[in-house]
Amino acid sequence: MNPPSGSNQPTEKLQFYGRRKGKPLKAGRLGLLDNLLPRLKLSTDQPIDPDVLFPGKSVRLEIGFGSGEHLAYMAQANPGVGFIGSEVFLNGVGSLLRYVAEMDLANVRIYDNDVRYLLPMLRSNSLERVSLLFPDPWPKSRHAKRRFVGPAMLNEMARLLKDGGEFRVASDHPVYVEWTLLHAPQHKDFRWEAKTPEDWRVRPADSTPTRYEEKALKAGRRPAFLTFTRIARTG
Ligand SMILES: C[S@@+](CC[C@H](N)C(=O)[O-])C[C@H]1O[C@@H](n2cnc3c(N)ncnc32)[C@H](O)[C@@H]1O
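Here this note's numbering is used: the first residue of the sequence shown is 6, the next is one more, and so on.
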């Protein structure tokens with residue numbers, strides 16, 4: 006099966022440097038992974054059309070949702086929107102499943118693996134927002150290639166987002182903020198519309214803090230919230 010046009014499904018195994026598992030999961034979470042995950046899980050064996058997954062809804066993607074509190078909040082607050090969450094860390098997937106079950110969320114689908122396998126399978130021009138919240142910063146310059154934001158991923162975000170769609174990046178690490186501002190506003194398909202410090206110092210009003218945002222604030226680090234708008238396609 007060919008991937009959707011304009012994308013390259015990696016054929017080799019991608020190197021992943023983060024954690025896949027943490028503390029042993031309790032029976033309740035294991036039960037959710039066994040019983041609920043199979044119903045919500047996305048497979049990358051076939052191209053994925055978000056409009057088919059969520060008929061009549063606009064669709065957003067959250068990359069590296071961690072424990073899933075932000076994704077669950079957004080899904081509850083926006084029942085007319087479909088949410089795809091991707092997370093490699095099994096304990097995080099278990100945590101999101103608990104929110105989905107307890108909050109009875111019907112608009113969430115999960116990709117429980119490296120998002121780099123998912124992205125090429127999603128139809129072009131199909132998402133209204135992609136959120137990347139507190140990505141692993143990889144601050145050493147010799148690890149810069151591990152950072153999610155970069156020219157190749159910005160091309161992929163531009164392919165996936167609809168005209169006027171948003172790529173939201175939050176980080177409390179100055180190296181990552183600087184890195185993102187070096188790449189994203191210069192991309193031909195994105196515009197950074199911030200005019201005043203409030204436009205990037207304050208979390209977008211429609212959202213809720215993630216666990217990593219709370220950790221950063223407790224440690225006295227002030228995050229940046231960068232929103233890049235997908236410029237309208239011409240022709
Ligand atoms: C620093 S944590 C932030 C979690 C959450 N967004 C928050 O703000 O609390 C980064 C998360 O991204 C996940 N992650 C890293 N690379 C990923 C990838 N390629 N695909 C999916 N998830 C990824 C990690 O497993 C981790 O849970």
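Even for Gly, the Cβ is constructed at its ideal location relative to N, Cα and C.
At what residues does the alpha helix (DSSP H) containing residue i begin and finish?
| i | result |
| --- | --- |
| residue 38 | 32-40 |
| residue 98 | 95-108 |
Who are the near neighbours of residue i in its chain, counting only those whose CB is closer than 8 Å to its CB and skipping five residues on each side?
| i | result |
| --- | --- |
| residue 75 | 67, 136, 138, 212, 213, 214, 215 |
| residue 151 | 22, 141, 143 |
| residue 131 | 54, 55, 56, 64, 165, 167 |
| residue 218 | 138, 139, 175, 177, 208, 228 |
| residue 154 | 137, 140, 174, 181, 184, 185, 188, 189 |
| residue 94 | 23, 24, 25, 26, 27, 71 |
| residue 81 | 108, 110 |
Where does residue i sit, in a helix, a strand or coil, going by DSSP?
| i | result |
| --- | --- |
| residue 1 | Shown here, the chain extends from 6 to 240; a query on residue 1 therefore has no answer. |
| residue 22 | coil |
| residue 197 | strand |
| residue 137 | strand |
| residue 128 | coil |
| residue 226 | coil |
| residue 182 | helix |
| residue 114 | strand |
| residue 235 | strand |
| residue 150 | helix |
| residue 46 | strand |
Under the rule that 16 or more other beta-carbon atoms within 10 Å means buried, what is residue i, buried or exposed?
| i | result |
| --- | --- |
| residue 43 | exposed |
| residue 230 | buried |
| residue 114 | buried |
| residue 119 | buried |
| residue 71 | buried |
| residue 194 | buried |
Who are the near neighbours of residue i in its chain, counting only those whose CB is closer than 6 Å to its CB and skipping five residues on each side?
| i | result |
| --- | --- |
| residue 204 | none |
Starting from residue i, trace the beta strand (DSSP E) both ways and give me its first and last residue.
| i | result |
| --- | --- |
| residue 175 | 166-176 |
| residue 66 | 63-68 |
| residue 91 | 86-91 |
For residue i, I'd like the list of residues in its chain whose CB is within less than 7 Å of its CB, leaving aside the five on either flank, ordered along the chain.
| i | result |
| --- | --- |
| residue 199 | 205 |
Using a threshold of 9 Å, state whether the C-beta atoms of residue i and residue j are closer than that.
| i | j | result |
| --- | --- | --- |
| residue 116 | residue 46 | yes |
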